[in-house]
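Residue numbers (our numbering): 23 to 222. Note that the Cβ used here is the ideal one computed from N, Cα and C, for glycine as well.
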Amino acid sequence: MRDRLPGLRADPAVGDPSAMFPEPVDDIWMEIGFGAGEHLAGQAVRHPGIGFVGCEPFVNGVAALLAQIEDMGLRNIRVFDDDARLLLSELPDACLGRLYVLYSDPWPKVRHHNRRLTVAENLSEFARLLRPDAEFRFATDHPEFASWTLERVLRQGDFHWTAASPADWREAPDDWIETRYEGKARADGRAPVYLNFRRR
Ligand SMILES: C[S@@+](CC[C@H](N)C(=O)[O-])C[C@H]1O[C@@H](n2cnc3c(N)ncnc32)[C@H](O)[C@@H]1O
23 MRDRLPGLRA DPAVGDPSAM FPEPVDDIWM EIGFGAGEHL AGQAVRHPGI
73 GFVGCEPFVN GVAALLAQIE DMGLRNIRVF DDDARLLLSE LPDACLGRLY
123 VLYSDPWPKV RHHNRRLTVA ENLSEFARLL RPDAEFRFAT DHPEFASWTL
173 ERVLRQGDFH WTAASPADWR EAPDDWIETR YEGKARADGR APVYLNFRRR
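Here it is in structure tokens:
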């Protein structure tokens, strides 16, 4: 953390996220709440031309991601080790080509629903940051959180839900990389729900 994080930290003051990377990138994709970072690192390996910005305030998760960045020699990941919303508000309109929110905390009690990442205020910010046709990928193992989020995204109106059949929300997209939390959910018998949207 002491040696590696300063050089890899996504600085909100930079503004343009493509300026956070040492080499030119084809696009910027973001993951909010990357946990231990397996998905983020896996996508970064798969897409070396993309600049990835991962947001996660959980220190052990950031440390786990830094270890993967070092072990795999990844140059296309920048890390925001705080509440993602503090970074989002500093970024310019339409700067992202994809956003992942995977297994974010479901906050099951009704009185805590306003803590969910997919509240209307954050959805509007996601819509501002994603370019037309950019993807917003959401997954959860909590069925009520899935329908709650779907309802809010559709009501918000800036996204098109791409599902054409039940398989589209029951089965992971082809290029999926299983997250740590997803593996635990499956092992405990909880079926994930995959909601894929495109920015109108
Ligand atoms: C249940 S974990 C899932 C982690 C990972 N995506 C996975 O599937 O294994 C949710 C993560 O979201 C992070 N998180 C919650 N609120 C956040 C926020 N406002 N900004 C960034 N990360 C956040 C938490 O610290 C936690 O690590």
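- Using a Cβ distance threshold of 9 Å, residue 116 and residue 153 count as a contacting pair.
- Residue 159 places its beta carbon 9 Å or farther from that of residue 101.
- Distance from the Cα of residue 35 is smallest, within the candidate group 111, 134, 215, for 111.
- Residue burial is scored here from C-beta neighbours: residue 163 has at least 16 other C-beta atoms within 10 angstroms and is therefore classed as buried.
- Three or more beta-carbon pairs separated by less than 8 Å are not found between the segment 68–84 and the segment 130–150, which leaves the two stretches without contact.
- The Cβ atoms of residue 149 and residue 174 do not sit closer than 9 Å to each other.
- For residue 206, the closest C-alpha among the options 57, 196, 119 is that of 57.
- When distances are taken from the beta-carbon of residue 197 to the heavy atoms of ligand 1, even the shortest one reaches 8 Å or more.
- Secondary structure note for residue 72: it is in no alpha helix (DSSP H), and the uninterrupted beta strand (DSSP E) holding it is 72–77.
- When 178, 201, 94 are compared, the shortest CA-CA separation from residue 214 is found for 201.
- Per the DSSP secondary-structure output, residue 218 pairs in a beta bridge with 159.
- Contact check for residue 53 against residue 97 fails: the beta carbons are separated by 9 Å or more.
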